[in-house]
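The sequence shown begins at 1283 in the working numbering and counts up one residue at a time. Before any comments, here is the structure.
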Amino acid sequence: RGDFCQDAQARNHCYDKAIKLQEESYQLYMQVLGPKKPLTGWAMEDLAGAYQRRGRLEDAKPLLLQALRVECSKDIIKLASMARLLDSVLELHEATSDNAGLAACQDAINEGLENLQKRGIHTSEAVSYAALLQKIAKILLAHDELNRDGAVDLLEEGLRYLSGSAERSRSGQPDTAADDEEERHFYIPKAGQQELDVDAAALHRDIEVQLEQLRHSAAAEASRMIFEVVDDEVTESCASP
């Protein structure tokens, strides 16, 4: 209701009432189910959203991180939910100038990727999986530019998934790789709605541009380092009697 209030005081009053209810719901889920169940994870995300609307960003941050951990560890993980939470976590950390805190996502991201691969989502939904890898690369770079090599690896992996998917579409042949993967993991439960709303061609172009920029910056940095070393040697040589 607060989202539709024009008056700021009335809007905040509605948000505060909603927060009390969300906090009560969250505490009940924690008491009955514990912190690792999907329902608790959804309650965490809902409460974090309410805190964000009220400007309580620091209170929202740990809840979103824990919601991400819950999603990534679920028996039936959803790629779309993982992607949504990654976007929210990144947005929140950037809004609070806490890019260093993104390091807390690492274990959850690794577990989520492994979980998706166990279920064959990386092949059955190759385009969406490539989009997810791009989001993770963005988080790596936001955390620290020193993660550039890791981001490049993820983007290159994303391109391989996109290229394979495009080649199968052009040939009109069935996705045997995905079928084989599905057969190997047929006994593992998999949720529906795994795909993202992604334009494969646009994503492919976007990743190629990102890779070109990252490689260019890496080459420029290497060149600058070489110049500095040579310049130091020249300075030392000139200073010698």
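Think of the CB as a built atom: it goes at the ideal place given N, C-alpha and C, for glycine as much as any other residue. No experiment lies behind these values; they were computed from the predicted model shown.
Alpha carbon to alpha carbon, what distance is there between residue j and residue i?
i, j, result
"residue 1342", "residue 1331", "7 Å"
"residue 1326", "residue 1345", "5 Å"
"residue 1434", "residue 1493", "6 Å"
"residue 1312", "residue 1322", "6 Å"
"residue 1489", "residue 1447", "15 Å"
"residue 1314", "residue 1419", "36 Å"
"residue 1427", "residue 1292", "43 Å"
"residue 1339", "residue 1347", "12 Å"
"residue 1307", "residue 1478", "29 Å"
"residue 1415", "residue 1436", "6 Å"
"residue 1387", "residue 1372", "10 Å"
"residue 1378", "residue 1451", "43 Å"
"residue 1501", "residue 1430", "12 Å"
"residue 1310", "residue 1491", "47 Å"
"residue 1299", "residue 1333", "11 Å"
"residue 1503", "residue 1449", "35 Å"
"residue 1301", "residue 1324", "15 Å"
"residue 1320", "residue 1487", "36 Å"
"residue 1316", "residue 1483", "43 Å"
"residue 1374", "residue 1337", "11 Å"
Can you tell me whether residue i is buried or exposed? The criterion is at least 16 other CB atoms within 10 Å of its CB, across all chains shown.
i, result
"residue 1498", "exposed"
"residue 1423", "buried"
"residue 1318", "exposed"
"residue 1402", "buried"
"residue 1352", "buried"
"residue 1303", "exposed"
"residue 1360", "buried"
"residue 1290", "exposed"
"residue 1408", "buried"
Between which residues of its own chain and residue i is the CB-CB distance below 8 Å, once the five residues before and five after are set aside?
i, result
"residue 1354", "1364, 1390, 1391, 1393, 1394, 1397"
"residue 1525", "In this structure the chain extends from 1283 to 1523, so residue 1525 is not present and cannot be described."
"residue 1367", "1327, 1346, 1349, 1350, 1353"
"residue 1376", "1424"
Excluding five sequence neighbours on each side, which residues of the same chain lie with their C-beta closer than 7 Å to the C-beta of residue i?
i, result
"residue 1412", "1440, 1443, 1444, 1485"
"residue 1495", "none"
"residue 1410", "1361, 1476, 1477, 1478, 1480"
Check the C-beta distance from residue i over to residue j and give it rounded, since I have them as a contact under 8 Å.
i, j, result
"residue 1481", "residue 1417", "The pair is not a contact, with the Cβ atoms about 15 Å apart (cut-off 8 Å)."
For residue i, I'd like the list of residues in its chain whose CB is within less than 6 Å of its CB, leaving aside the five on either flank, ordered along the chain.
i, result
"residue 1432", "1422"
"residue 1295", "none"
"residue 1335", "1297"
"residue 1438", "none"
"residue 1329", "1304, 1308, 1345"
> Of all the alpha helix (DSSP H) runs that stay within the bounds of the stretch 1316-1400, which reach a length of 4 or more residues?
Replying inline: 1320-1335, 1339-1355, 1361-1377, 1388-1400
> Whole beta strand (DSSP E) runs in the stretch 1285-1313 with 3 or more residues, listed along the chain?
Replying inline: none
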